[in-house]
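The structure appears below as structure tokens.
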Amino acid sequence: MNFQVSILKLLASYPNGLATLTDIKRDLAFLATSGTDWASYSKRLGATLPSLDVFSLGFVQRYSFGWRLTAKGAAALELMEQKVKTPVADVEAEAATSETLLEKCPPPIGSAGKPDQPSSSPVDRRALFTVIDGGRSQAA
Numbered sequence: 440m441n442f443q444v445s446i447l448k449l450l451a452s453y454p455n456g457l458a459t460l461t462d463i464k465r466d467l468a469f470l471a472t473s474g475t476d477w478a479s480y481s482k483r484l485g486a487t488l489p490s491l492d493v494f495s496l497g498f499v500q501r502y503s504f505g506w507r508l509t510a511k512g513a514a515a516l517e518l519m520e521q522k523v524k525t526p527v528a529d530v531e532a533e534a535a536t537s538e539t540l541l542e543k544c545p546p547p548i549g550s551a552g553k554p555d556q557p558s559s560s561p562v563d564r565r566a567l568f569t570v571i572d573g574g575r576s577q578a579a
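Residues 440 to 579, numbered by the numbering used here, are exactly what the sequence shown covers, in order.
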């Protein structure tokens, strides 16, 4: 099973691409024990982009409560799935496609460029978080 591809597919199945760490662990354990179909499919997807690192390429953002699939991650997953569905016969064309995808990716974390940042609009940020109404305890 390709761990990097499994993370992309798993997060793509959640609303807004956002899942808690508990959900991720549970779903990865399920996929790991689901048989050879998923293992072979994830390996084929991973072979389309051999140097895949979902975190340093900015495909997945980590938060204290979970992980979120970025727009770049969703686009990369879609391209990988297209390549598996319609295999490229020419090896050079396949390598060029992988290089093009990597060129479109943001620079590694820690470099001068910033990875995929969430929108600064308050409306967009509200979709990522749940507001809990409440106040101070009456006993205090």
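Beta carbons: idealized from backbone N, C-alpha and C, even for Gly. Given the structure is predicted, the values throughout are model-derived calculations rather than measurements.
Helix, strand or coil at residue i [DSSP, three-state]
| i | result |
| --- | --- |
| Gly518 | One detail in the question is off: residue 518 reads as Leu in this sequence, not Gly. Helix, per DSSP. |
| Gly505 | strand |
| Thr475 | helix |
| Thr459 | strand |
| Leu450 | helix |
| Asp492 | coil |
| Ser558 | A caution first: Ser558 carries a pLDDT of 49, below 50, which makes its placement in the model too unreliable to give a value. |
| Ser445 | helix |
Cβ neighbours of residue i in the same chain (closer than 7 Å, five flanking residues each side left out)
| i | result |
| --- | --- |
| Ile446 | Val493 and Val499 |
| Ser481 | Met440, Asn441, Val444 and Ser445 |
8 Å CB neighbourhood of residue i in its chain, flanking five on each side removed
| i | result |
| --- | --- |
| Gln419 | In the structure displayed, the chain extends from 440 to 579; residue 419 sits before or after that span and is not available. |
| Leu449 | Ala458, Ile463, Asp466, Leu467 and Leu470 |
| Lys524 | none |
Which residues DSSP lists as bridging residue i, in chain order
| i | result |
| --- | --- |
| Val499 | Leu508 |
Selected residue, minimal CA-CA separation from residue i, among the options
| i | options | result |
| --- | --- | --- |
| Tyr453 | Ala513, Lys522, Ser495 and Met519 | Ala513 |
| Asn441 | Ala451, Pro489, Thr461 and Leu460 | Pro489 |
| Thr461 | Glu517, Lys482, Leu496 and Ser503 | Ser503 |
| Ala510 | Tyr480, Leu496 and Lys522 | Leu496 |
Beta-carbon proximity list for residue i, same chain, < 6 Å, skipping 5 on both sides
| i | result |
| --- | --- |
| Leu477 | A quick correction: the sequence has Trp, not Leu, at residue 477. Leu470, listed in sequence order. |
| Lys522 | Thr487 |
| Arg483 | Val523 |
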